[in-house]
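Working notes, beginning with the structure itself.
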Amino acid sequence: MIEVKNLSKMFDDLVVLDNVSFNVTEAHLVVILGPSGTGKTILLKSILGIIPVDSGEVLFDGKPVQSAKESEIYDIRRQVGFVFQSTALFDSMNVCENIALPLVEHTKLSSRQVRDKVQEILEIIGMVGKERLYPRSLSGGMKRLVAVGRALALDPKHLFYDEPTTGLDPIMRDRIVQLIIDLKKDYKKIGIVVTHDLDTAEKVGDDIYLLKNGKINKLKKIGKEVYNG
Amino acid sequence: MNLFSLIGDFATFFFRSLFIPWKFRTSKDRILEQVYNIGVGSLPIIIIIAAFTGLVSTVQATYQMIGTVPRYIIGTTVGRMVLIELGPILTALMVSGRCASSMAAEIGTMRVTEQIDALEIMAIDPYRFLNLPRIVGTFISLPVLTIFAEFVALLSGAVYAHYFLNIPFSVFSYGIIHFFSMRDFFGGLVKSLFFSIVIAASGCYFGYIVKGGAKEVGRAATYAVVSSSILILVLDFLVALVIFG
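Just so you know, the protein sequences line up as chains R and G, in that order.
Residue numbers for the first sequence, in my numbering: 953 to 1181.
Residue numbers for the second sequence, in my numbering: 2 to 246.
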């Protein structure tokens, strides 16, 4: 369980997060909705201690992130797979090496076992046969799929998706949405999705929150009117 | 940022990059990759620079001394000049221009495209992953390049002296060998070890602290080369003072 308690963050005079609190309980995928530029990515990175907060704390299964030592933070982060909006794939590595990196760094698997695991992930994300390609040769949607694959490498407990469908064509968007749903249903991968796309939020979210003007509120139903008022 | 905080940050960054668990099993390939990139990759330009350094040194030494001293002294002068000063410093400045800038640009680009954030989120220490291999790779490569450059410079000087100055190989090499001092040779190598640290640390540091976009990445590459070049000259003086002063 992830407990986010009263997170606050300001940049100069701009309040980005104002006492933000919510929980990610077992078997739940939480969606944070909000218009672009409201601080959704900052919230996601703050939860993992990448961006320091002004006040508040996050507990991963009861373990605090903000007051943790570096080694403890790394232990917590190993339980999380993160899909960046920009994908953040390593452009000097091919698809196979990108997905294999966390396995090589954190496990003692033989190269044969790493290859098998990568193959298994490629099948899940539907990218078999593309393992030798470099990120520069992939479309935006394919990069997003590889980023999901890399996030899955260590078999994390939680997955964080930062705008997973933004800028994709409708077919690829549906493919990513279906992948998120399948990962939740078949592999019990729950976590947080931040998006401004109402359609994606409605399809994948168990609990949906709106982040606006630094405040977070749980939504009972969503429609275009959530961005108004 | 004032100069003192910059020096403090730079030193902290350097020690943070080096004094961490190396995880040699996964780091060794990246170190070897850097040794190849820096060492083998710099070899063609180092050969050209060293060859011309040897030629110019021989021309200058001959111009200043011929007729006033025995001819083998030309070999001695060129040899000591190359071993003590020109070999280490020109190699370092060339590697700085080639490698410090590329390190800053590469790491800076990784910073602005969130690849360093991705490492942190994957619980991979970016200092160990990015900086350590570059610092160790430069530390291994630069002294080897320096020895190579010194050899090429002396060879080109000897060839020029033989064919154009009527100073036979035997006379030129007698001048080098007869007055050869291990202190000269190792003094030059000690310099190159210090230079390697400032080259790699500058490249990594200015790349790592990039905030912004393409313009800032370009600026980081410039800072890396300028700062490492200045530090090379300062260290050259300090090491010379300690070893030869």
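Even for Gly, the Cβ is constructed at its ideal location relative to N, Cα and C.
Keep in mind the model is a prediction, meaning the values are calculated, not measured.
Taking the C-beta atoms as reference points, Gly1143 of chain R is found nearer than 8 Å to Leu1111 of chain R. Listed along chain G, the residues sitting closer than 7 Å to Phe1042 of chain R by beta-carbon distance are Gln116. Three or more beta-carbon pairs separated by less than 8 Å are not found between the region 23–38 of chain G and the region 147–161 of chain G, which leaves the two stretches without contact. By the Cβ criterion, the region 110–119 of chain G is not in contact with the region 1016–1023 of chain R, since fewer than three pairs of Cβ atoms, one from each stretch, lie closer than 8 Å. Looking only at G:Gly214, G:Tyr206, G:Gly246, G:Val240, the smallest Cα-Cα distance to Val227 of chain G is reached by G:Tyr206.
The beta carbon of Ile1160 of chain R sits no closer than 8 Å to any beta carbon of chain G.
Close to chain R, meaning a Cβ-Cβ distance shorter than 9 Å, is no residue of the region 204–225 of chain G at all. Checking the DSSP bridge columns, you'll see Tyr1161 of chain R partnered with R:Ile984, R:Lys1170. Apart from sequence neighbours up to five positions away, the residues of its chain that approach Asn132 of chain G with a beta-carbon distance below 6 Å are Ser18, Cys205, ordered along the chain. The beta carbon of Ile39 of chain G does not come within 8 Å of any beta carbon belonging to chain R, so the residue lies off that interface.
Within the region 1013–1083 of chain R, the complete alpha helix (DSSP H) segments at least 4 residues long are 1022–1029, 1047–1058, 1063–1077, listed from N- to C-terminus. Under the criterion of beta carbons closer than 8 Å, Met1124 of chain R and Gly1093 of chain R qualify as touching, at roughly 3 Å. In this structure, DSSP gives Val211 of chain G a state outside helix and strand, which the three-state scheme calls coil.
Cβ contact annotation for Tyr1113 of chain R (same chain, cutoff 6 Å, sequence separation greater than five): Val1035, Val1145, in chain order. In the structure shown, the three-state DSSP call for Tyr128 of chain G is helix. When the alpha-carbon of Arg1084 of chain R is set against those of R:Leu996, R:Phe974, R:Asn1050, R:Gly991, the nearest one is in R:Asn1050. For Thr27 of chain G, the neighbours in chain R by C-beta distance under 8 Å run, in chain order, Val1056, Glu1057. Note on the region 1082–1147 of chain R: whole beta strand (DSSP E) runs with a minimum of 3 residues are 1110–1114, 1142–1147, in chain order. With respect to chain G, the C-beta atom of Ile1073 of chain R has no partner C-beta closer than 8 Å.
The shortest C-alpha to C-alpha distance from Asn958 of chain R to any of R:Pro987, R:Asp964, R:Val976, R:Val1005 is the one to R:Val1005. A straight-line Cα-Cα distance of about 26 Å links Leu239 of chain G and Val57 of chain G.
Arg1029 of chain R reaches chain G at Glu121, Ile122, Met123, Ala124, counting residues in chain order whose Cβ is nearer than 8 Å. Runs of alpha helix (DSSP H) with 4 or more residues, each lying fully within the region 34–117 of chain G, are found at 42–66, 73–82, 88–96, 102–113, listed in chain order.
If you look at Ile954 of chain R, you'll find it isn't in any alpha helix (DSSP H); it sits in the beta strand (DSSP E) that goes 954–963. Short of 7 Å from the beta carbon of Arg99 of chain G, and not among the five residues preceding or following it, lie these beta carbons of its own chain, in chain order: Ser43, Ile46.
For the region 1006–1034 of chain R, residues whose beta-carbon sits nearer than 9 Å to a beta-carbon of chain G comprise Glu1022, Ile1025, Tyr1026, Asp1027, Ile1028, Arg1029, Arg1030, Val1032, Gly1033, Phe1034.
Under the three-state reduction of DSSP, Val1005 of chain R is assigned to coil, being neither helix nor strand.
C-alpha of Lys1137 of chain R to C-alpha of Val211 of chain G: approximately 40 Å in a straight line. In this structure, Ala62 of chain G lies away from Val83 of chain G, with their beta-carbon atoms at least 8 Å apart.
With three or more CB-CB distances shorter than 8 Å, the region 1031–1048 of chain R counts as touching the region 116–123 of chain G. Under the three-state reduction of DSSP, Ser973 of chain R is assigned to strand.
Residue state for Leu966 of chain R is assigned as strand, using DSSP reduced to three classes. Those residues of the region 994–1005 of chain R placed with their C-beta closer than 8 Å to a C-beta in chain G are Lys997, Leu1000, Ile1002, ordered along the chain. Phe974 of chain R is outside the set of residues whose beta carbon lies under 8 Å from a beta carbon in chain G.
When only Cα atoms are considered, Gly189 of chain G and Ser1023 of chain R end up about 41 Å apart. Val96 of chain G is a Cβ neighbour of Ile200 of chain G, given a cutoff of 8 Å.
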